[in-house]
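Trainee: Residue numbers (the numbering used here): 192 to 543.
Ideal placement from N, C-alpha and C gives every residue a C-beta, glycine not left out.
The structure follows.
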């Protein structure tokens, strides 16, 4: 866990930031970085020079060249998993002291462990860009749980209904590679709730999963469930189906709806990002978080995560989702696929 200041990290009160990748989701990163104080963007690198140039930054097509010329304090890796390890290794060799890496982190748990060990030995911080826990509705829900507004928590349910997975043209308009992924629902999307459930209620002790493929146009699973068991009796259910939608003007705001139920009340997350509390025995609800026109993606969670990292580096605040901690997410993801394959509950996760 980071507890150093900017001076300890050898950087000034302004971070020099370079970005690797300029694809579809990278647009949210560049927009967020531009809205964060105490940051100077010094370069964009992509294998397609036109995409890097389109960011408006000094453009590069070679990462080593960008690291040498731009000399960033922080490298933001916004590329697919097969590029992660080599980019991390090169950045460490070139003296970069902080790395943000998009999820999924590397191509396997073994490779992620190797990257984590390499960074730790070099004194380099890696934060995984797992941004859903930084969505304002989950921060609000976490505060409500800490204040014991639900009494004893008994059940958490999230129903993912993206509505973008029907027919032969599913995903082609935005992220066509989804069709070719051998593992889709959990590896690409459900992983967000592995981490979010950990953020809200802690580490599970067992998992059971039942996954399926409904759209024959894709290779991976696009529907299914996983259930987390907790030692205190709490159960957390992820119910995902990419073919179905939910009641929202934009199904990508929250990607679905959530319900958290306890002995003293219930919290409801709607598709517009609002959070409501209903006390046990009452019919009326109290609004805890109103729907808003948030900028950016998913309640501006990309900017929220980036701001969190900047504050951590420059002000010495604790960092969430450092690589060592995030290894547990990858281990649990593996256990979900193992549970589905074996048709049984998995109680021992691969040691992260």
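1) Kindly list the residues whose CB is nearer than 8 Å to the CB of residue 373, restricted to its own chain and excluding five residues on each side of it in sequence; keep chain order.
2) Between residue 215 and residue 366, how many whole angstroms is the CB-CB distance? I'm expecting something under 8 Å.
3) For the 8 Å Cβ check, are there 3 or more pairs between the region 233-241 and the region 496-503?
4) Using a Cβ-Cβ cutoff of less than 6 Å, which residues in the same chain neighbour residue 452 once the five nearest sequence positions on both sides are dropped?
5) Less than 7 Å separating the beta-carbons of residue 415 and residue 479?
6) How about the region 335-354 and the region 377-390: do they share at least three Cβ pairs that are nearer than 8 Å?
7) Exposed or buried, which one is residue 293 when buried takes at least 16 other CB atoms within 10 Å?
8) At which residues does the alpha helix (DSSP H) containing residue 495 begin and terminate?
9) Could you check what DSSP says for residue 451 in three-state terms: helix, strand or coil?
10) Just the C-alpha distance for residue 274 and residue 521, rounded to the nearest angstrom, thanks.
11) Going by C-alpha to C-alpha distance, which of 393, 459, 536 and 279 sits closest to residue 476?
12) For residue 213, which residues from the same chain have a beta carbon less than 6 Å from its beta carbon, with the 5 sequence-adjacent residues on both sides left out?
13) With residue 531 as the anchor, note down where its alpha helix (DSSP H) starts and where it stops.
14) Just how far apart, CA to CA, sit residue 299 and residue 291?
15) Opposite residue 209 in the DSSP bridges: which residues?
16) Distance, Cα to Cα, residue 528 vs residue 485?
17) In this structure, how does DSSP classify residue 382 when only helix, strand and coil are distinguished?
Mentor: Let me lay it out:
1) Same-chain partners within the cutoff: 410 and 411.
2) 6 Å
3) no
4) 345 and 346, listed in sequence order.
5) no
6) yes
7) buried
8) 492-506
9) strand
10) 17 Å
11) Minimum Cα distance to residue 476 is reached at 459.
12) Counting only Cβ-Cβ distances below 6 Å, and skipping sequence neighbours, we find 235, 237, 242, 243 and 246.
13) 514-533
14) 18 Å
15) According to DSSP, residue 209 bridges with 234 and 266.
16) Taken atom to atom, the span from the alpha-carbon of residue 528 to that of residue 485 is near 34 Å.
17) helix
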